[in-house]
Amino acid sequence: MSDRERADAVLEHLAVLAFLYYPGIEVDDPSYSLGEDIDWCLARLGDVSDAERERMRALFERAITDPTATREELFTALAELDGVLIADHHE
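Under the working numbering, the sequence shown is numbered contiguously, ending at residue 174.
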(Lines of atoms letter the chains of each structure in order from A and count residues from 1; the text may use other names and numbers.)
(Lines give C-alpha, C1' and ligand atoms only; values in the text may rest on other atoms or scores of the structure.)
Protein backbone atom coordinates (compact mmCIF):
# COMPACT_ATOMS: atom_id res chain seq x y z
CA MET A 1 0.00 0.00 0.00
CA SER A 2 1.41 3.39 -0.95
CA ASP A 3 1.67 6.28 1.48
CA ARG A 4 -1.21 8.02 -0.28
CA GLU A 5 -3.40 4.90 -0.16
CA ARG A 6 -2.65 4.47 3.55
CA ALA A 7 -3.53 8.10 4.29
CA ASP A 8 -6.75 7.76 2.27
CA ALA A 9 -7.68 4.57 4.16
CA VAL A 10 -7.22 6.33 7.50
CA LEU A 11 -9.32 9.30 6.34
CA GLU A 12 -12.08 7.00 5.10
CA HIS A 13 -12.20 5.12 8.40
CA LEU A 14 -12.23 8.34 10.41
CA ALA A 15 -15.00 9.78 8.24
CA VAL A 16 -17.24 6.79 8.93
CA LEU A 17 -16.56 6.94 12.66
CA ALA A 18 -17.13 10.71 12.81
CA PHE A 19 -20.42 10.28 10.95
CA LEU A 20 -21.63 7.67 13.45
CA TYR A 21 -20.38 9.42 16.61
CA TYR A 22 -22.57 11.69 18.71
CA PRO A 23 -22.27 12.98 22.29
CA GLY A 24 -23.92 10.45 24.59
CA ILE A 25 -23.35 7.43 22.37
CA GLU A 26 -21.73 5.67 25.33
CA VAL A 27 -25.01 5.97 27.25
CA ASP A 28 -27.17 4.80 24.36
CA ASP A 29 -24.77 1.99 23.44
CA PRO A 30 -22.77 0.72 26.45
CA SER A 31 -20.70 -1.50 24.14
CA TYR A 32 -19.38 1.53 22.25
CA SER A 33 -15.71 2.37 22.79
CA LEU A 34 -14.07 5.46 21.34
CA GLY A 35 -10.72 3.88 22.18
CA GLU A 36 -11.51 0.84 20.02
CA ASP A 37 -12.54 3.10 17.14
CA ILE A 38 -9.26 4.98 17.44
CA ASP A 39 -7.29 1.72 17.55
CA TRP A 40 -9.11 0.60 14.39
CA CYS A 41 -7.83 3.72 12.60
CA LEU A 42 -4.34 3.51 14.09
CA ALA A 43 -4.00 0.01 12.66
CA ARG A 44 -4.22 1.53 9.17
CA LEU A 45 -1.16 3.71 9.80
CA GLY A 46 1.25 0.83 9.60
CA ASP A 47 4.69 1.09 11.14
CA VAL A 48 5.12 4.50 12.80
CA SER A 49 7.03 5.55 15.90
CA ASP A 50 5.39 5.43 19.31
CA ALA A 51 5.54 9.23 19.50
CA GLU A 52 3.75 9.59 16.17
CA ARG A 53 1.22 6.94 17.16
CA GLU A 54 0.35 8.86 20.35
CA ARG A 55 0.17 12.14 18.45
CA MET A 56 -2.17 10.58 15.92
CA ARG A 57 -4.24 8.91 18.67
CA ALA A 58 -5.06 12.33 20.15
CA LEU A 59 -5.76 13.79 16.73
CA PHE A 60 -8.01 10.87 15.75
CA GLU A 61 -10.02 11.30 18.94
CA ARG A 62 -10.64 14.95 18.11
CA ALA A 63 -11.37 14.10 14.46
CA ILE A 64 -14.08 11.64 15.49
CA THR A 65 -15.68 13.83 18.13
CA ASP A 66 -15.37 17.19 16.32
CA PRO A 67 -14.47 16.58 12.67
CA THR A 68 -15.12 20.10 11.40
CA ALA A 69 -12.69 21.68 13.85
CA THR A 70 -10.02 19.07 13.17
CA ARG A 71 -10.23 18.56 9.41
CA GLU A 72 -7.29 20.70 8.29
CA GLU A 73 -5.01 19.62 11.15
CA LEU A 74 -5.78 15.95 10.44
CA PHE A 75 -5.06 16.20 6.74
CA THR A 76 -1.82 18.08 7.37
CA ALA A 77 -0.65 15.57 10.00
CA LEU A 78 -1.34 12.59 7.73
CA ALA A 79 0.37 14.32 4.82
CA GLU A 80 3.44 15.10 6.90
CA LEU A 81 3.52 11.59 8.31
CA ASP A 82 3.44 9.94 4.92
CA GLY A 83 5.12 12.54 2.74
CA VAL A 84 1.98 12.90 0.62
CA LEU A 85 2.34 16.65 0.19
CA ILE A 86 5.86 16.25 -1.12
CA ALA A 87 4.78 13.58 -3.62
CA ASP A 88 1.76 15.58 -4.81
CA HIS A 89 3.85 18.71 -5.23
CA HIS A 90 5.90 17.08 -8.00
CA GLU A 91 3.04 15.52 -9.98
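For every residue, glycine included, the Cβ atom is placed at its ideal position computed from N, Cα and C.
Range of the contiguous alpha helix (DSSP H) that encloses residue i
i: R140; result: D133 to T148
i: L177; result: Past the edges of the chain, shown from 84 to 174, lies residue 177, and the structure says nothing about it.
8 Å CB neighbourhood of residue i in its chain, flanking five on each side removed
i: V131; result: M139 and L164
i: I121; result: R140, F143, E144 and I147
i: A152; result: R145
DSSP-derived helix/strand/coil call for residue i
i: D112; result: coil
i: G118; result: helix
Beta-carbon proximity list for residue i, same chain, < 7 Å, skipping 5 on both sides
i: E56; result: Because the chain here runs from 84 to 174, residue 56 falls outside it and cannot be looked at.
i: Y115; result: I108 and E109
i: R127; result: R89, A92, V93 and H96
Residue from the options with nearest C-alpha to residue i
i: D149; options: Y105, C124 and D112; result: Y105
i: E137; options: T151, A160, A152 and R154; result: A160
Distance between beta carbons of residue j and residue i, contact taken as under 8 Å
i: R146; j: A92; result: The question names Arg, but residue 146 is Ala in the sequence shown. No, A146 and A92 are not in contact; Cβ-Cβ is about 14 Å, not under 8 Å.
beta-carbon residue i near the ligand ZN non-hydrogen atom, thresh 7 Å
i: V131; result: Ligands displayed in this structure: none; no statement on the ligand ZN is therefore possible.
Same chain, Cβ closer than 6 Å to residue i, five either side skipped, listed in chain order
i: C124; result: V93, H96, L97 and F143
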